[in-house]
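Residue numbers (this note's numbering): 2 to 262.
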Amino acid sequence: MQIIGVGKLGEAIVSGLLKADPFAELTLVAKSSQQAERLVEGFPGESYLNASVSTEPTADPQVIIAVKPHHVFDVAEQLTHSCEVVSVAAGISIEAMESKLPSGSKAVRAMPNLAVGVNQGMTGIAAAQNSHIPVWVSESFSKLGAVVEVDENQLGIVTGIAGSGPGFLYRIVEAFAKAGESLGLTSEQSQLLAEQTFIGAGLGLQASDVSAAELRGRVTTPNGTTHAGLQELENAQIDDLIGKVVQAARERGLEIGKGDS
Ligand SMILES: NC(=O)c1ccc[n+]([C@@H]2O[C@H](COP(=O)([O-])OP(=O)(O)OC[C@H]3O[C@@H](n4cnc5c(N)ncnc54)[C@H](OP(=O)(O)O)[C@@H]3O)[C@@H](O)[C@H]2O)c1
2 MQIIGVGKLG EAIVSGLLKA DPFAELTLVA KSSQQAERLV EGFPGESYLN
52 ASVSTEPTAD PQVIIAVKPH HVFDVAEQLT HSCEVVSVAA GISIEAMESK
102 LPSGSKAVRA MPNLAVGVNQ GMTGIAAAQN SHIPVWVSES FSKLGAVVEV
152 DENQLGIVTG IAGSGPGFLY RIVEAFAKAG ESLGLTSEQS QLLAEQTFIG
202 AGLGLQASDV SAAELRGRVT TPNGTTHAGL QELENAQIDD LIGKVVQAAR
252 ERGLEIGKGD S
């Protein structure tokens, strides 16, 4: 498999794939070989015998494209052999990509988030209508976390929730830390409290077989402290607010796809 583009997301994908299988046969296609070599050398632990680096796409028919949307067509046109491509670029349609690929090639799209780097990613994958997702694509992203198959026109929703979601959640953690500080804790204390609470709540959710709503109910005593705080979230119309957040990210993804950088 070749991964073209080893920036923030490409690096996270490579990192997750190598954590899942240190002997995975990967070629990292970067703009400079120094960048790709640094990346392979930078992985902790053993040497990754089957990870190689290149500055040009290779003939490997399994291709992950992880460059910025405005570079996707350049990369597609650099490919010389019929291949199966999965692009993670926001907003670039399967049809547009296939029109630039060598004949006989097929494209699908994936929208992962950066948690793929620690094998806890959330990825939405879409194939064109009447087409299917290649097994190697589903298997690769399943090694990087959870996968959901959606229609191509629903990928914007995946972007709004999962692709951009870590950024939204980090902002919420930041707000909790700021609240602690403004109430008198040191920045170090309130950051630890906010971050560890977030991590613990996430792991608790992962370990349980019930929904977040159910877990919330379990930690909320009527007229207790959590109840009092939740009341403020309801007063601030949290569902509407988060709805707008997801919608804004979704719309921005559509604009980027139309070439608005
Ligand atoms: N970051 C996320 O959380 C996230 C989540 C979901 C989807 N995505 C999608 O993932 C894609 C990459 O995002 P990113 O945040 O990882 O961007 P990024 O950090 O800018 O990484 C893109 C990398 O691709 C390199 N590149 C550009 N043209 C290339 C070429 N022809 N051959 C090889 N490498 C090339 C860039 O090098 P230069 O910098 O030298 O140009 C850069 O290292 C985007 O399309 C984005 O929509 C990102």
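Each residue gets a CB set at the ideal place from its N, CA and C atoms; glycine is no exception.
Owing to the predicted nature of the structure, the values given are computational and were not obtained by experimental measurement.
To which residues of the same chain is Ala250 closer than 7 Å at the C-beta, ignoring the five residues directly before and after it?
-> Here the question's residue 250 lines up with position 249 in the sequence shown. Result list for Ala250: Thr160, Gly161 and Ser165, in chain order.
Where Asn120 and Ser139 are concerned, what is the direct C-alpha to C-alpha distance, given to the nearest angstrom?
-> On the sequence shown, residue 120 is found 119 positions in, with the first residue counted as 1. On the sequence shown, residue 139 is found 138 positions in, with the first residue counted as 1. Distance between the alpha carbons of Asn120 and Ser139: 14 Å.
Could I get the ranges of all uninterrupted alpha helix (DSSP H) runs contained in the region 88-154, with 4 residues as the minimum, in chain order?
-> The region 88-154 contains these whole alpha helix (DSSP H) runs: 95-99 and 136-144.
Which of helix, strand or coil DSSP assigns to Thr28 = On the sequence shown, residue 28 is found 27 positions in, with the first residue counted as 1. Three-state result, Thr28: strand.
Burial state of Arg110, where buried means 16 or more other Cβ atoms lie within 10 Å | Position 109 of the sequence shown, counted from the first residue, corresponds to residue 110. Buried is the call here.
State yes or no: is the C-beta of Val68 nearer than 7 Å to some heavy atom of ligand 1?
-> The residue labelled residue 68 in the question sits at position 67 within the sequence shown. Result yes, Cβ under 7 Å from ligand 1.
Would you say the beta carbon of Lys9 comes nearer than 7 Å to a heavy atom of ligand 1?
-> Position 8 of the sequence shown, counted from the start, is the residue given in the question as residue 9. Because some heavy atom of ligand 1 lies under 7 Å away, the Cβ of Lys9 counts as near it: yes.
Report back the beta-carbon spacing between Ala37 and Val7 to the nearest angstrom; my notes put them in contact at under 8 Å.
-> For the purposes of this step, residue 37 is identified with residue 36 of the sequence shown, where counting begins at 1. For the purposes of this step, residue 7 is identified with residue 6 of the sequence shown, where counting begins at 1. Indeed they touch by this definition, with Cβ atoms about 6 Å apart.
Enumerate in chain order the residues of its own chain whose CB-to-CB distance from Lys179 is below 8 Å, with the five nearest sequence positions on each side excluded.
-> Numbered from 1 along the sequence shown, position 178 holds the residue referred to as residue 179. Ser191, listed in sequence order.
Alpha-carbon spacing of Gly258 relative to Gly225, whole angstroms | Your numbering for residue 258 matches position 257 in the sequence shown. Your numbering for residue 225 matches position 224 in the sequence shown. For Gly258 and Gly225, the distance between alpha carbons rounds to 47 Å.
Residue burial classification, Ala208 (beta-carbon count within 10 angstroms, cutoff 16) = Translated into positions along the sequence shown, residue 208 becomes position 207. Around the CB of Ala208, fewer than 16 other CB atoms lie within 10 Å, so the residue is classed as exposed.
Should Ile5 be counted as a contact of ligand 1 given a C-beta to heavy atom distance under 7 Å?
-> As a position in the sequence shown, residue 5 is number 4, starting the count at 1. Under cutoff, so the answer is yes.
Could you tell me which residues DSSP pairs with Glu233 in its beta bridges?
-> Walking along the sequence shown from the start, residue 233 turns up at place 232. Answer is none; Glu233 lacks a bridge partner.
For ligand 1, any of its heavy atoms closer than 7 Å to the Cβ of His228?
-> The sequence position of residue 228 within the sequence shown is 227, counting from 1. His228 Cβ: outside cutoff for every heavy atom of ligand 1.
Does ligand 1 have even one heavy atom less than 7 Å from the beta-carbon of Asp61?
-> Residue mapping note: residue 61 aligns to position 60 of the sequence shown, counting from 1. Not so, every heavy atom of ligand 1 lies at least 7 Å from the Cβ.
Quick one: grab the DSSP three-state call for Ala60.
-> One-based indexing of the sequence shown puts residue 60 at position 59. Correct three-state label for Ala60: coil.
Closest residue to Ser106 among Gln79, Ala91, Pro62 and Ala147 (Cα-Cα distance) | Position 105 of the sequence shown, counted from the first residue, corresponds to residue 106. Checking every option, the nearest Cα to that of Ser106 belongs to Pro62.
Skipping 5 residues on each side, what residues in its chain have a beta carbon closer than 7 Å to that of Val1?
-> Only positions 2 to 262 of the chain appear in this structure, which leaves residue 1 out of reach.
Coarse secondary structure for Ala180, derived from DSSP in three states | By 1-based counting over the sequence shown, the position of residue 180 is 179. Reduced to three states, the DSSP call for Ala180 is helix.
Please find out if some non-hydrogen atom of ligand 1 comes closer than 7 Å to the beta-carbon of Lys20.
-> Locating residue 20 in the sequence shown gives position 19, counting from the first residue. No - ligand 1 has no heavy atom lying nearer than 7 Å to the Cβ of Lys20.
Residues that DSSP places opposite Ile65 in a beta bridge | Sequence index remark: in the sequence shown, residue 65 carries index 64 (1-based). DSSP output for Ile65 lists Ile4 and Val87 as bridge partner(s).
Can you name the start and end residues of the alpha helix (DSSP H) that Ala249 belongs to?
-> Within the sequence shown, residue 249 is the residue found at index 248, counting from 1. Note, Ala249: alpha helix (DSSP H), Ile239 to Gly258.
Residue environment, Phe24, which counts as buried when at least 16 other CB atoms sit within 10 Å | Position 23 of the sequence shown holds residue 24. Result: exposed.
Cβ distance (whole Å) where Glu26 is taken to contact Asn51 below 8 Å = On the sequence shown, residue 26 is found 25 positions in, with the first residue counted as 1. On the sequence shown, residue 51 is found 50 positions in, with the first residue counted as 1. At roughly 4 Å, the Cβ-Cβ gap stays under 8 Å, so Glu26 and Asn51 are in contact.
For Val73, three-class secondary structure by DSSP | Position 72 of the sequence shown, counted from the start, is the residue given in the question as residue 73. Helix at Val73.
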